[in-house]
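**Q** From first to last, the protein sequence lines are chains V and X. Just so you know, the numbering used here puts 115 at position 101 of the first sequence, and the rest follows in order with no gaps. Just so you know, the numbering used here puts 95 at position 87 of the second sequence, and the rest follows in order with no gaps. After the structure tokens below, expect a handful of questions from me.
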Amino acid sequence: QKEVEQNSGPLSVPEGAIASLNCTYSDRGSQSFFWYRQYSGKSPELIMSIYSNGDKEDGRFTAQLNKASQYVSLLIRDSQPSDSATYLCAVNVGAGSYQLTFGKGTKLSVIP
Amino acid sequence: SQTIHQWPATLVQPVGSPLSLECTVEGTSNPNLYWYRQAAGRGLQLLFYSVGIGQISSEVPQNLSASRPQDRQFILSSKKLLLSDSGFYLCAWNWRYNEQFFGPGTRLTVL
Numbered sequence: 015q016k017e018v019e020q021n022s023g024p025l026s027v028p029e030g031a032i033a034s035l036n037c038t039y040s041d042r043g044s045q046s047f048f049w050y051r052q053y054s055g056k057s058p059e060l061i062m063s064i065y066s067n068g069d070k071e072d073g074r075f076t077a078q079l080n081k082a083s084q085y086v087s088l089l090i091r092d093s094q095p096s097d098s099a100t101y102l103c104a105v106n107v108g109a110g111s112y113q114l115t116f117g118k119g120t121k122l123s124v125i126p
Numbered sequence: 009s010q011t012i013h014q015w016p017a018t019l020v021q022p023v024g025s026p027l028s029l030e031c032t033v034e035g036t037s038n039p040n041l042y043w044y045r046q047a048a049g050r051g052l053q054l055l056f057y058s059v060g061i062g063q064i065s066s067e068v069p070q071n072l073s074a075s076r077p078q079d080r081q082f083i084l085s086s087k088k089l090l091l092s093d094s095g096f097y098l099c100a101w102n103w104r105y106n107e108q109f110f111g112p113g114t115r116l117t118v119l
């Protein structure tokens, strides 16, 4: 069973702080890693993708991947109340697979 | 640019009634298409995926079925709904190994 684990939270951070979201996965053959943001009652929205070890930055978001540790994280700098949402980690289920396995998500609350 | 549509947006159906949810994608050809269900307090569960017209793979045995009658159309159906079919149904697309993009979803309540 291919698994993606996330801390369900809620994770509360003050406005302006760095929010750190973590995800571990079980399949060593996974090659593609994604972070989605889901507001309550809405569909998931892709915010970051990462395919190789290291950091990838896009605006206030940084995705970090460590394949040896089977660990992927998302950092949100200068957190804003509008960042309050559930963040889903997704991993392709195996080498060459189109399918994604999703974690259950971490609920982030940014306190003004 | 590509857009993905789902309808209806919300649906309330009695137990035992049939179901048909539709998803269409614009602005791309030969996409991979996916149906997910998100039940309250649970993660996204992949139900079906399709890599081409008439090609459907089922991930979870259940009373749901899917069809892909056209390249950019994906339909989720049931002959008789169960209470446990309630949830948020999401259609998604991607092209090969790239990122998946989700439609707005259909919220189904079975009473």
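A virtual CB, placed ideally from N, CA and C, is assigned to each residue, including glycine. Source: prediction; values computed, not measured.
Mind pulling the chain V residues with CB within less than 9 Å of residue 16/X?
**A** The residue given as residue 16/X occupies position 8 in the second sequence. Neighbours of residue 16/X on chain V: none; closest Cβ ~14 Å, over 9 Å.
**Q** Which term fits residue 6/X, buried or exposed, when burial requires 16 or more other beta carbons within 10 angstroms of its beta carbon?
**A** With chain X covering 9 to 119 only, the question about residue 6/X has no answer from this structure.
**Q** Identify, in the order they occur along the chain, each residue of the same chain with its Cβ nearer than 8 Å to the Cβ of residue 85/X, setting aside the five sequence neighbours on each side.
**A** Here residue 85/X refers to the residue found at position 77 when the second sequence is read from its first residue. Cβ within range, chain order: 26, 27, 28, 29, 72, 73, 74 and 75.
**Q** Output needed for residue 39/X: all residues of its chain with C-beta closer than 7 Å, excluding positions within five of it in sequence on either side, in chain order.
**A** As a working mapping, residue 39/X is identified with position 31 in the second sequence. The answer, listed in chain order, is 33, 80, 101, 102 and 103.
**Q** Under 8 Å between C-beta atoms, does residue 48/V make it to chain X?
**A** Against the first sequence, residue 48/V aligns to sequence position 34. Yes, its Cβ sits closer than 8 Å to a Cβ of chain X.
**Q** DSSP puts residue 90/X in a beta bridge; with which residues?
**A** Residue mapping note: residue 90/X aligns to position 82 of the second sequence, counting from 1. According to DSSP, residue 90/X bridges with nothing at all.
**Q** Who are the near neighbours of residue 105/V in its chain, counting only those whose CB is closer than 6 Å to its CB and skipping five residues on each side?
**A** As a first step, residue 105/V is located in the first sequence; it is residue number 91 there, counting from the start. Within the same chain, residue 105/V has close Cβ partners 18, 39, 44, 47 and 115.
**Q** To which residues of the same chain is residue 113/V closer than 6 Å at the C-beta, ignoring the five residues directly before and after it?
**A** Along the first sequence, read from residue 1 onward, the residue named residue 113/V stands at position 99. Counting only Cβ-Cβ distances below 6 Å, and skipping sequence neighbours, we find 107.
**Q** Does any residue of chain V bring its CB to less than 8 Å from the CB of residue 97/X?
**A** The residue you call residue 97/X lines up with position 89 of the second sequence. Chain V, which has no Cβ nearer than 8 Å to the Cβ of residue 97/X, makes this no.
**Q** Just to confirm the assignment, what range does the beta strand (DSSP E) spanning residue 78/X have?
**A** Looking up residue 78/X in the second sequence gives position 70. Counting along the chain, the beta strand (DSSP E) containing residue 78/X begins and ends at 72 to 78.
**Q** What's the C-alpha gap between residue 121/V and residue 116/X?
**A** In the first sequence, the residue the question calls residue 121/V occupies position 107. In the second sequence, the residue the question calls residue 116/X occupies position 108. Going by the C-alpha atoms only, they are around 23 Å apart.
**Q** Mind checking which residues open and close the beta strand (DSSP E) that includes residue 61/V?
**A** Here residue 61/V refers to the residue found at position 47 when the first sequence is read from its first residue. Element bounds for residue 61/V: 59 to 64.
**Q** Return the residues of the stretch 68 to 82 of chain V that lie within a Cβ-Cβ distance of less than 9 Å from chain X, sorted by chain order.
**A** So the list is empty, because no residue satisfies the distance condition.
**Q** By the three-class DSSP mapping on this structure, what secondary structure does residue 72/V have?
**A** Locating residue 72/V in the first sequence gives position 58, where the first residue counts as 1. In this structure, residue 72/V counts as strand in the three-state DSSP scheme.
**Q** Please list, in chain order, all residues of the same chain as residue 85/V whose beta carbon is under 6 Å from its beta carbon, the five residues on each side excluded.
**A** Position 71 of the first sequence, counted from the first residue, corresponds to residue 85/V. 38.
**Q** Is there a Cβ from chain V that is less than 8 Å from the Cβ of residue 82/X?
**A** Taking the second sequence and counting its residues from 1, the one referred to as residue 82/X is at position 74. No, residue 82/X does not count as interfacial toward chain V.
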